[in-house]
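Worksheet: the structure to be examined is printed underneath.
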Amino acid sequence: MPTTSFGQDQTSAPTSTSPDNTARNKAHHNTADQQSNATSDRMLTKHIRQSLIADKSLSMYGHNVKIITRDGMVTLKGPVHSEEEKQTIASKAAEVAGGADKVTNQLTVKQ
1 MPTTSFGQDQ TSAPTSTSPD NTARNKAHHN TADQQSNATS DRMLTKHIRQ SLIADKSLSM
61 YGHNVKIITR DGMVTLKGPV HSEEEKQTIA SKAAEVAGGA DKVTNQLTVK Q
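Numbers 1 to 111, taken from the UniProt record's numbering, label the letters of the sequence shown in order.
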């Protein structure tokens, strides 16, 4: 019985390759596994988290943002409820960290 094949021709090579953004992604974005184990960084993260948890106006998303601290520099990541909440969290982190220049705000407003 003859076999009929449907779909892509398996003999043709792909027309393009996927872009490799690995280096760019690693260079510009801290991830949780990059959290420092230095006591000062862990304490800074702890104090920021306590400040966020104490603010009952923040949503569940706001209370659970990722806080990554390395060498005194803080990165905030994750979804939040609104632009206002995003700014509130960044302000609280900056207050605890010693200035807005020590905080990278990568929070995103949940749609």
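Note that beta-carbon positions come from the ideal geometry of N, C-alpha and C, so glycine has one too.
- In the structure shown, Q106 falls within a strand segment according to DSSP collapsed to helix, strand and coil.
- Secondary-structure assignment with DSSP links L76 through a beta bridge to I67 and N105.
- Taking the Cα positions, A94 is about 25 Å away from Q111.
- If you draw a straight line from the Cα of S59 to the Cα of L52, it is about 10 Å long.
- When secondary structure is reduced to three states using DSSP, H47 falls in the helix class.
- Comparing alpha-carbon positions, the option among V109, T88 and E84 lying closest to I48 turns out to be T88.
- Judged by DSSP in its simplified three-state form, A90 adopts helix.
- Scanning T108, V103 and D41 for the CA closest to the CA of T75 turns up V103.
- Taking each of N37, V96, T108 and G78 in turn and checking the Cα distance to K66, the smallest one comes out for G78.
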